[in-house]
Amino acid sequence: MQVKAESLDRKLTLRLSGELDHHAARPLMQRIAQEIELALPLEVVLDFSGVTFMDSSGIAVALHTLQQMKQLGGKMRIANSPVQVKKVFAAAGIQKMIGMEDVT
4 MQVKAESLDR KLTLRLSGEL DHHAARPLMQ RIAQEIELAL PLEVVLDFSG VTFMDSSGIA
64 VALHTLQQMK QLGGKMRIAN SPVQVKKVFA AAGIQKMIGM EDVT
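Residue numbers (this note's numbering): 4 to 107.
Pasting the structure below:
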């Protein structure tokens, strides 16, 4: 799993690519936490456009990021989820807690 971070005007966009499964989830959560600590954003966007596969571990990553941003008084969104990723999020009802959009 690769992460490309881009911070602009207190908005941190994290572009994810690769497979997000239980092997990748914990290191990804640690990387996201580091990026949030460095940028101290008001908003985080997790861009899933490069994710080729995701299992339920991706739900944990999204919820962990949401919790971090709530602690900072910020917000988060999920962007550009491929069909398979959307299905996993929809099965868990993530869209009721986190804004989801397609921006590409």
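Note that beta-carbon positions come from the ideal geometry of N, C-alpha and C, so glycine has one too.
Given the structure is predicted, the values throughout are model-derived calculations rather than measurements.
Give me the Cβ distance between residue i and residue j, rounded to the nearest whole Å; I'm assuming they're in contact under 8 Å.
| i | j | result |
| --- | --- | --- |
| A27 | M4 | 4 Å |
| S59 | V91 | 6 Å |
| R80 | L45 | That belief does not hold up - the Cβ atoms of R80 and L45 are roughly 12 Å apart, past 8 Å. |
| V64 | L31 | 6 Å |
Can the beta-carbon of residue i be found less than 7 Å from the beta-carbon of residue j?
| i | j | result |
| --- | --- | --- |
| F51 | E22 | no |
| A82 | V48 | yes |
| Q71 | I101 | no |
| G53 | S20 | yes |
| V6 | R34 | yes |
| A42 | L15 | yes |
| A95 | I62 | yes |
DSSP beta-bridge partners for residue i?
| i | result |
| --- | --- |
| G102 | R80 |
| F56 | E22 |
| L11 | K14 |
| Q5 | S20 |
Using three-state DSSP, classify residue i as helix, strand or coil.
| i | result |
| --- | --- |
| L45 | coil |
| L75 | coil |
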